[in-house]
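In this note's numbering, the protein residues as written are 1 to 145.
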């Protein structure tokens, strides 16, 4: 799987309500910015993504301008994505035009990073040299959030 395939696989896992933390490297330096939060460190990212999966459904993720590249063991991407989901706790449907960007690193043997215990979750694909997000940023131009 290359960088673009990894990003598309993440989108598909999000749509299906599958675990998302296996797409991220392990360690204290991983950062994920969502529309309304900043998660720092793999434990916080995993917990934030678990909570999101448990409290939302009906995800629509429509990529319209994915650009992805890599050099050696480092990759990056940017995209424009229409997203929609339902917050089950509030019974509210959200829809946003969003901008995504991020960096990825290539890891060996399906591991998520140095000292990986995989948080009990399998890597999305355990083939050697797979890509994992080291940083992800999702934002919207909509004000007032």
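Think of the CB as a built atom: it goes at the ideal place given N, C-alpha and C, for glycine as much as any other residue.
Since we're looking at a predicted model, the values are computed, not measured.
Could you round the C-beta distance between residue i and residue j to whole angstroms and report it? I think they count as a contact, below 8 Å.
i           : j           : result
residue 3   : residue 135 : With a Cβ gap of about 13 Å, residue 3 and residue 135 do not count as contacting.
residue 132 : residue 104 : 6 Å
residue 1   : residue 108 : Not quite, the Cβ-Cβ distance comes to about 14 Å (not below 8 Å), so this is no contact.
Could you please give the first and the last residue of the uninterrupted alpha helix (DSSP H) stretch that includes residue i?
i          : result
residue 80 : Unbroken run through residue 80 is the beta strand (DSSP E), 74-87; no alpha helix (DSSP H).
residue 92 : Premise fails: residue 92 lies in the beta strand (DSSP E), 92-107, not in any alpha helix (DSSP H).
residue 5  : 3-16
Figure out for me which residue from the options has the closest Cα to the Cα of residue i.
i          : options         : result
residue 22 : 98, 96, 42, 102 : 42
residue 61 : 79, 91, 55      : 79
residue 49 : 8, 92, 24       : 24
residue 69 : 101, 14, 47, 33 : 101
Tell me residue i's beta-bridge partners as DSSP assigns them.
i          : result
residue 33 : 38, 137
residue 63 : 81
residue 57 : 86
residue 24 : 133
residue 71 : 74
Can you find the residues in the same chain that come closer than 6 Å, C-beta to C-beta, to residue i, ignoring five residues on each side of it along the sequence?
i           : result
residue 53  : 17
residue 139 : 99
residue 39  : 32, 45, 48
CB-CB under 8 Å to residue i, same chain, minus the five flanking residues each way: which ones, in chain order?
i           : result
residue 121 : Confidence in residue 121 is poor, its pLDDT being 46 and thus under 50, which makes the residue's placement unreliable; the coordinate value appears in the next sentence. So the list reads 19, 21, 22, once near-sequence residues are dropped.
residue 141 : 97, 99
residue 58  : 84, 85, 86, 93
residue 11  : 61, 63, 81
Near residue i, which residues of its chain fall below 7 Å by C-beta distance, leaving aside the five closest residues on each side in sequence?
i          : result
residue 55 : 87, 88, 89
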